[in-house]
Each structure stands twice: as structure tokens, then as C-alpha cells.
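For reference, the structure is listed below as C-alpha cells.
In UniProt numbering, the protein residues as written are 1 to 496.
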């Protein structure tokens, strides 16, 4: 399938779903969000075409998941994966009447197609052989380096972003703890990158792009077509080892949770798998530098979109209850998330339409309750002063904190380094600060972590519009539409 690239990072084409800088952002909305119904988008399922669905069980979830799975099979579908903790079944079917039949079942709360095109990866076999295809490498014992053991990493002086968030000062207190596990929900992490290899926890890594089924093979969770996940991982936890750069939390462990397929899509079933895996593995924090395809905004007044949004929401809520703090990029459409009423980019896996959206339409997972949402700031010339990146989404109610996201040096494939821009690059700074915070205060709940990160942020008052393309500031208080509570601060997170 050929798709039109609409996002770019350092001249490298990336897909729109990864929160990288768009080639041409639409003008930001200034009117209040439309309260009328959102525009209907066709999601056809013709006979013979393999289509993917999430089927959400009515309560009680755990017992009804089995009944839903049985109903899927009785109505011509195939069960791909079940998540009994949240009552979600991922299913495939070639029957045009599958949705209608499933919606008549008492045990089903909602059913929705997860994409507007056929399933390109096919249905995973019931007798899985993926785990044998490459296996899961043994995890070497992790011994964090100390400052006395290594020279300063040679590119550390070029990391202006670390100085802005005072990560360099925080490292005088701690480099974090290997007891903290960060899940990178992205395109995979290069397992043998010299700045990342010693921090990757292979046993906790997973591939979720095999139709949303769990695939723990090493071949599965490694990157194939994109530098994105490797770049994000380096910002979070590149090791202090005398090589390359240093991450915000260089002693933290990283799990590669691959939710981006080789065509660049992050479908709802992939995201559900990623969030559920993070909860089951006991991760401490996840970074989510993407939005869930094929809709930039999922609307609760459209049945298919509402069902997919419910499935992702259940997964986020359940994993949060297991102790996982989720950090997400705000997006790169130069849009006010509080007031946006129009979307011309969705669905992005077939033919996009101009559609009206309303207050019930959300960017997933960025706008879900409890998620720490991060906007992007850029360096002003060669100083450590910053201003809002021209591409960043904003929103007085949407943004929690800001972080550097323009011209960020980090790790990429083939053991190299490169500078990328996007809210994708801002979010991992915050995920790294959360890892430092939890290294010092491991008993904090996700809600307490979110409030601590917000309270510790350095105020960035909104005094004037910083770019014509962005919505204008609303109010002069410390919490504003650009930076939320302010610039994230690593030193405050670890200071006694």
C-alpha cells in the first residue's frame, strides 16, 4: 500500500501518526469546538475482505470475554487476541454482517472496525511459532556505570535540551535506577545500538503489530523501517558509557513495545496490546509519541470510532491502575486541542475526508484522562531560552507540561545519531524525568507522579503569541495554552 507522507524529521519522511513535524500544518482553530454531530465517515466491510474489529464486552468483563470470543466464532469471525482484564476481544472477519450480528448479542457493549482498509498482516495462526523465530535473548546482568568509570560522553555537550530541563544537574544527584522500567511504545528499539544495548530489557519487550496479538520474538520487537523508536529511547535512557549521548535517566531499563507496523500505522488493537503489556509487565512509565490511526481524532458519536476509543481507554485505565504512568506527545498540527473543530487528515489509511469534529472527539492517547500530555519548545538561537515550537499542538486544558522538542540529538539506527524535531521528541524528556522521579520515590502512584511533574515544572507565563501559526495565548497566568504548568524540571524531580 502506498501512502502520502505528511510528516518530516530532518528531511527523513515519517508517517503522520508518529508525532513528528508535519510538512504543512492546517491553520489552528480559534472557534469553540462544534457541538453538532461529527461528520460520518464510511467504514465498509464488504464480503470477502478481511477486516479487523474490537469487540468490547459488557460487564462483568472477565467472565463475558469468554462469551464474546465464543460469539465471534459463531458469527463467522476469528479471535486474534483476548484481554479479559478489560473485556476486549480483537477479531477478524470476512463477513459483511459481522458487526451487525455482534451488536445484537447481550454480552457485547460495542463493536467497531479498527481501520478503513483490509488487514494487510493477515490473521495470526492459532498455533503460534513466532516465539521460536529468533527467540528472546537472555538479559545480561545490568551494571550501571558510575562517573568514576567513564569519561563524559563525547556528544553530551551538544545536548542543549538536557541543560534546559536541568538533567545535567539532576545527574549529579542520580542517574536513575535500573529498577525503573520504561516502555517505549513506538517502532521498536535497535537492540545493539552502543548507547542502548545494555539498557534494553529483552524479556519485557514485545511486538504488538501482528494484528494486535502478543509476539515476544526478538525479530518482532526490533525496528525494521523507522528510526523513530530508537531516537525516542535514546532521549529517555541512553547509557552513560563514554559513547555518544546521555539520556535523561541513563540507568533506567528500556522495553521495546512495538506498536508501529512497517507501513507506519498504529491501529487501536496495537495500542491496546501495548498498554495491556505494559501493565502486565509491571512497567513504571510508558512513552507514547504517536496518535492512534486511522483517525487523528476519534469521535464518541460514531459507533465504530466510539468502540475503538472505548477499547483503548479501557487499556489505558487498567494499566494505570497497575501503576503505569503514561506520557504522550501533544501532536504537531499547530492546533488548539481545546477548540479544534475540523479535521482533514482522517482516515489516513484510505481516502481522507473533510470532517467536522466536536467536544466528544479525542486524540488518542494524548487526550485520555490521566495521561501526561507534553507540548514542544525550541531553542532561541544558541541560548538556553526557549519558545514554543511552530508545529506543537497546544491547549489550556490539554497540555500538562512542556519539554524541548526541536532539533534534538539522539540515537538512530545502525549505531548512529541524528537530530529530529517534533512533539515526539519532547515527550521522552518527560518520560525520562518520570523515571528519575520514580528512582527516588518508587511508591508514588501514577496520579501522584502526574501532579508532581506538573508542580515541579518551571513556569513559562503566556505573555504574547509566539508564532502567528499558533493559537493566541489566553491569559497571563503560569498555566497557559502553550506549556501547561511549564517546562519540565529534572533537578526538582530528584532534589532531596
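Every residue, glycine too, gets a C-beta built ideally from N, C-alpha and C.
Beta-carbon spacing of residue i, residue j below 8 Å
i	j	result
residue 377	residue 359	no
residue 213	residue 124	yes
residue 237	residue 252	yes
residue 227	residue 296	no
residue 432	residue 248	yes
residue 204	residue 258	no
residue 373	residue 402	no
residue 201	residue 181	yes
residue 411	residue 193	yes
residue 420	residue 171	no
residue 229	residue 256	yes
residue 393	residue 375	yes
residue 80	residue 211	yes
residue 57	residue 90	no
residue 366	residue 310	no
residue 440	residue 235	no
residue 222	residue 118	no
residue 428	residue 241	no
residue 371	residue 292	no
residue 308	residue 268	yes
residue 304	residue 112	yes
residue 349	residue 395	no
residue 284	residue 435	yes
Beta-bridge partners of residue i, as assigned by DSSP
i	result
residue 356	342
residue 404	377
residue 298	362
residue 482	Paired residues: none, contrary to the question.
residue 53	91 and 113
residue 257	185 and 206
residue 325	285
residue 108	57
residue 120	Residue 120 is not bridged to any residue.
residue 215	207
residue 291	DSSP lists no partner for residue 291.
residue 458	487
residue 394	336
For residue i, the three-state DSSP class (helix, strand or coil)
i	result
residue 335	coil
residue 367	coil
residue 493	helix
residue 420	strand
residue 156	helix
residue 521	Because residue 521 is not part of the residues shown, which for the chain are 1 to 496, the question remains open.
residue 388	strand
residue 523	There is simply no residue 523 to check, as the chain begins at 1 and stops at 496 in what is shown.
residue 41	coil
residue 399	coil
residue 248	coil
residue 165	coil
residue 180	coil
residue 232	helix
Interface flag, residue i vs chain B, CB-CB below 8 Å
i	result
residue 179	Considering every chain present, this structure includes no chain B. It has just one protein chain.
beta-carbon residue i near the ligand ATP non-hydrogen atom, thresh 7 Å
i	result
residue 103	In terms of ligand content, the structure shown is empty, and the ligand ATP therefore cannot be addressed.
### Message
Could you check whether the stretch 285 to 302 touches the stretch 92 to 109, counting it as contact only if at least three pairs of C-beta atoms, one from each stretch, sit closer than 8 Å?
### Response
no
### Query
Are the stretch 37 to 47 and the stretch 69 to 80 touching, with three or more C-beta to C-beta distances below 8 Å?
no
### Message
Three or more C-beta pairs under 8 Å: does that hold for the stretch 443 to 460 against the stretch 314 to 326?
### Response
yes
### Query
Which whole runs of the alpha helix (DSSP H) in the stretch 60 to 85 are 4 residues long or more, in chain order?
61 to 74
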